[in-house]
Amino acid sequence: MALESVPPKYAQLVAELKRRIEAGQYPPGEMLPSEHQLIAEFSVSRPTVVAALRVLREEGWIEARQGKGRFVRGRPVLSALEHVRAGQLRLSGPEIDLAGDVVEAGAVTAPKRIAALLDVPASGRVFLRRRLLTYQDEPSELLSLWLPLELAEGTGLTSDQPLRQGIREHLESRKGVVFDHVLEQITARMPTTEEAQTLGLGRDVPVLVVFAAVRDATGRPLLVVEAVLPADRHELEDAYPLR
Numbered sequence: 010m011a012l013e014s015v016p017p018k019y020a021q022l023v024a025e026l027k028r029r030i031e032a033g034q035y036p037p038g039e040m041l042p043s044e045h046q047l048i049a050e051f052s053v054s055r056p057t058v059v060a061a062l063r064v065l066r067e068e069g070w071i072e073a074r075q076g077k078g079r080f081v082r083g084r085p086v087l088s089a090l091e092h093v094r095a096g097q098l099r100l101s102g103p104e105i106d107l108a109g110d111v112v113e114a115g116a117v118t119a120p121k122r123i124a125a126l127l128d129v130p131a132s133g134r135v136f137l138r139r140r141l142l143t144y145q146d147e148p149s150e151l152l153s154l155w156l157p158l159e160l161a162e163g164t165g166l167t168s169d170q171p172l173r174q175g176i177r178e179h180l181e182s183r184k185g186v187v188f189d190h191v192l193e194q195i196t197a198r199m200p201t202t203e204e205a206q207t208l209g210l211g212r213d214v215p216v217l218v219v220f221a222a223v224r225d226a227t228g229r230p231l232l233v234v235e236a237v238l239p240a241d242r243h244e245l246e247d248a249y250p251l252r
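Read left to right, the sequence shown gives residues 10 to 252 (my numbering).
See the structure below:
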């Protein structure tokens, strides 16, 4: 079973807006279409548009001017080397853009690595939100969010329905936290029996596991994204300048 990775809707919108900027359809200095115009043209939700505009702003393609709107800056220097990291991708886009079901949401005992990344006592209790993502009705990824119990309380993360916001936008608006940076780790291992059964893996198929630990500006851990990816269905790539 071979699966292809399909970008979520907000990432597709980012790619199209970049294409238009590079083609001169939106020249530097021109105001970008409004959120309402983008929603109508691309038939997407407001959270999808907001997530796409955030990525464009963070990468330097556009700038926001208070009370005026968003304006095109043009193709950023080194943009050819830019690449959205795996953890960032799973934090920014609306959950609803990724097909799949919530298979677990509640308090659990933190595994050793998660306890260390969240700076909680060994065997301490944390909140787990786990989704089984699918592509063409086949399992493609096991995505888990681990966070302190107090940070999950009062949020939509306890629901069994996918959020219409990205995780970052949801927690920053609901809990008043500010995501500052991510520590990302990637490991390869054989799947657990449960992972193999859930993902429908054949014998001897390893998994790639991405851990993205999100922290605020003081270094306080906010949450950990854990993505378990069948090695025969995904590949990870990155690009960066040498100077």
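Note that the Cβ used here is the ideal one computed from N, Cα and C, for glycine as well.
Within 10 angstroms of the beta-carbon of Gln-97 lie 16 or more other beta-carbons, which makes it buried.
In the structure shown, Thr-207 falls within a helical segment according to DSSP collapsed to helix, strand and coil. Here the segment 170–182 makes no contact with the segment 141–152; the two share fewer than three CB pairs at distances below 8 angstroms. A distance below 8 angstroms between beta-carbons, with the five flanking residues on each side excluded, links Val-216 to the following residues of its chain, in chain order: Ala-197, Arg-198, Met-199, Pro-200, Glu-204, Leu-208, Leu-210, Val-237, Leu-238, Pro-239, Ala-240. Taking each of Thr-202, His-243, Ile-195, Ile-71 in turn and checking the Cα distance to Ala-222, the smallest one comes out for Ile-195. Only residues of its own chain outside the window of five on either side were considered, and among them Arg-134, Val-135, Phe-136, Leu-137, Leu-158 have a CB closer than 8 angstroms to the CB of Ala-116, listed in chain order.
Residues Pro-56, Pro-103 of the same chain have their beta carbon placed closer than 7 angstroms to that of Gln-174, with the five preceding and five following residues left out of the count.
A Cβ-Cβ distance of about 12 angstroms is found for the pair Glu-244 and Val-219, leaving them out of contact under the 8 angstroms criterion.
For the options Val-81, Arg-29, Val-59, the alpha carbon positioned closest to that of Pro-37 is the one of Val-81.
DSSP places Gln-34 outside both helix and strand once states are collapsed to three, so it counts as coil. Collapsing the DSSP output to three states places Gly-115 in a strand. With a beta-carbon spacing of about 27 angstroms, Ala-226 and Thr-167 fall beyond the 8 angstroms limit used to define contacts. The three-state secondary structure of Ser-101, taken from DSSP, is helix.
Collapsing the DSSP output to three states places Phe-188 in coil.
Judged by DSSP in its simplified three-state form, Ser-153 adopts strand.
DSSP places Gln-46 in the helix class (H, G or I) of the three-state scheme. Within the DSSP secondary-structure output, Ile-195 pairs in a beta bridge with Val-219. Counting the other CB atoms within 10 Å of its CB gives Ala-61 a total of 16 or more, which places it among the buried residues. The continuous beta strand (DSSP E) containing Ala-73 extends over residues 71–74.
Residue range 134–144 is occupied by the beta strand (DSSP E) that includes Thr-143. Taking 7 angstroms as the cut-off, the beta carbon of Glu-162 is found no closer than this to the beta carbon of Arg-84.
If you check the CB distance, Thr-118 and Ser-101 do not come in under 7 angstroms. Straight across, the Cα-Cα distance linking Val-214 with Leu-151 is about 15 angstroms.
Annotation: the continuous alpha helix (DSSP H) that includes Val-59 extends over 55–68. Using a 10 angstroms sphere on the CB of Ala-20, the tally of other CB atoms reaches 16 or more, which defines it as buried.
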